[in-house]
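In terms of this note's numbering, the sequence shown opens at residue 4 and continues consecutively.
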Amino acid sequence: MLWCSLYVDNRAFLFKDREEFSKGTIIIYVHFKKFGLIIHVGCDGSYSDSKTEAVHFNTATENAKNINTSPVQNNKNGYITYTNCFTYLGSKLDPNLDELVGIENRIKQASKALGAMMNRIFKNKYLSIPTKKMLYLAI
Numbered sequence: 004m005l006w007c008s009l010y011v012d013n014r015a016f017l018f019k020d021r022e023e024f025s026k027g028t029i030i031i032y033v034h035f036k037k038f039g040l041i042i043h044v045g046c047d048g049s050y051s052d053s054k055t056e057a058v059h060f061n062t063a064t065e066n067a068k069n070i071n072t073s074p075v076q077n078n079k080n081g082y083i084t085y086t087n088c089f090t091y092l093g094s095k096l097d098p099n100l101d102e103l104v105g106i107e108n109r110i111k112q113a114s115k116a117l118g119a120m121m122n123r124i125f126k127n128k129y130l131s132i133p134t135k136k137m138l139y140l141a142i
């Protein structure tokens, strides 16, 4: 394991390759179980029920099409799936570590917030301009 970050109920583990990831997840699963902690791995065979996700970060010389992103067996009955957009503590990361994904997500969230305020606040004839300004500045 190269690096680990723990934050309340979110964890990030970085591994150098798929083989190390496969071995490491089993070790982490067993270790966490000793403390009563649960890693939410998939188990129904649909490959859509794994709450725990993995992402492969491409190197400059890697061809992303040749990367094996099939689910990794975590134990006898569980697996961890790969994703193309990984969210950690609110930040969005893609395999190329491109900041555009995070920027687009923040713009989308801001648009949602302003859109929700449009009819209820900005177009509300019963609210004064200072009140509308105060509510706008609050977000």
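Backbone N, C-alpha and C define an ideal beta-carbon position, used for all residues, glycine too.
Original post:
Exposed or buried, what is Thr84 when buried is set at 16 or more other beta-carbons lying within 10 Å of its beta-carbon?
Top reply: buried
Subject >> Beta carbon of Leu120 nearer than 8 Å to that of Leu138 >> reply: With the sequence shown as reference, residue 120 is identified as Met, and Leu is not the correct amino acid for it. Contact: yes.
Original post:
Excluding sequence positions up to five away, which residues of its chain have a Cβ less than 7 Å from the Cβ of Cys88?
Top reply: Lys95, Asp97 and Val104
Subject >> Extent of the continuous beta strand (DSSP E) run through Thr90 >> reply: Phe89 to Tyr91
Original post:
From Ile29, Ala63, His59 and Lys126, pick the residue whose C-alpha is nearest to that of Asn71; which is it?
Top reply: His59
Subject >> Cross-strand partners of Lys95 (DSSP beta bridge) >> reply: Thr90
Original post:
Going by other Cβ atoms of all chains shown within 10 Å of its Cβ, with 16 needed for buried, is Asn99 buried or exposed?
Top reply: exposed
Subject >> Check whether Asn13 and Tyr91 have beta carbons under 8 Å apart >> reply: yes
Original post:
Does the distance from the CB of Lys115 to the CB of Phe125 come in under 8 Å?
Top reply: no
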